[in-house]
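*Asks:* Numbering (our numbering), first residue to last: 87 to 231.
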């Protein structure tokens with residue numbers, strides 16, 4: 087990170103990729119505040135140009151927010167990941183984050199997406215979905231799970 091910081095001081099223009107590299111270095115050095123700053127700048131630079139930021143940039147931002155217990159920020163990042171890099175693992179994480187902030191109906195919706203796609207197979211997940219349906223006064227849907 088020391089060499090990257092020196093480069094940053096002398097460079098006239100720092101690309102989004104350079105900022106992301108610095109953010110990753112800071113994260114490895116446990117300088118998470120600095121990492122969050124630079125990954126945020128890298129993402130904003132890409133978005134300002136109308137480009138979609140790299141998946142691993144949002145993933146780093148998501149991890150840092152999660153470690154800081156900034157769950158609403160995690161949700162925001164996960165929504166972007168789902169939109170641009172759709173994976174069921176992000177839907178699972180989104181459901182978990184909604185659970186953390188007690189938004190049961192949104193947790194139910196996120197979990198139901200995974201269920202309807204046929205990728206929910208663990209008994210624990212299925213039971214959790216059934217309980218969410220029960221909590222939403224939908225015993226019929228709970229029984230179908």
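No residue lacks a Cβ here, since even glycine has one placed at the ideal position from N, Cα and C.
Source: prediction; values computed, not measured.
Residue 185 and residue 193 - do their beta-carbons sit closer together than 8 Å?
*Replies:* yes
*Asks:* Residues in its own chain within less than 8 Å of residue 123 by CB, not counting five upstream and five downstream?
*Replies:* 109
*Asks:* Quick one: what does DSSP say residue 103 is sitting in, helix, strand or coil?
*Replies:* helix
*Asks:* Measuring straight from C-alpha to C-alpha, what distance separates residue 156 and residue 178?
*Replies:* 17 Å
*Asks:* Counting only runs of 4+ residues fully inside the segment 131–191, write out the alpha helix (DSSP H) ranges in chain order.
*Replies:* Within the segment 131–191, the complete alpha helix (DSSP H) runs of at least 4 residues are 141–153, 157–170 and 174–186.
*Asks:* With DSSP collapsed to three states, give me the class of residue 119.
*Replies:* helix
*Asks:* Looking at residue 161 and residue 146, is the spacing between their C-beta atoms short of 8 Å?
*Replies:* no
*Asks:* Would you mind stating whether residue 143 and residue 106 have Cβ atoms separated by less than 8 Å?
*Replies:* yes
*Asks:* Rounding to the nearest angstrom, what Cα-Cα distance links residue 148 and residue 215 in this structure?
*Replies:* Rounded to the nearest whole angstrom, the C-alpha separation of residue 148 and residue 215 is 24 Å.
*Asks:* Pick out whichever of 112, 174 and 212 has its Cα sitting closest to the Cα of residue 230.
*Replies:* 212
*Asks:* Residue range of the alpha helix (DSSP H) that residue 206 falls in?
*Replies:* Unbroken run through residue 206: none, as it is neither H nor E.
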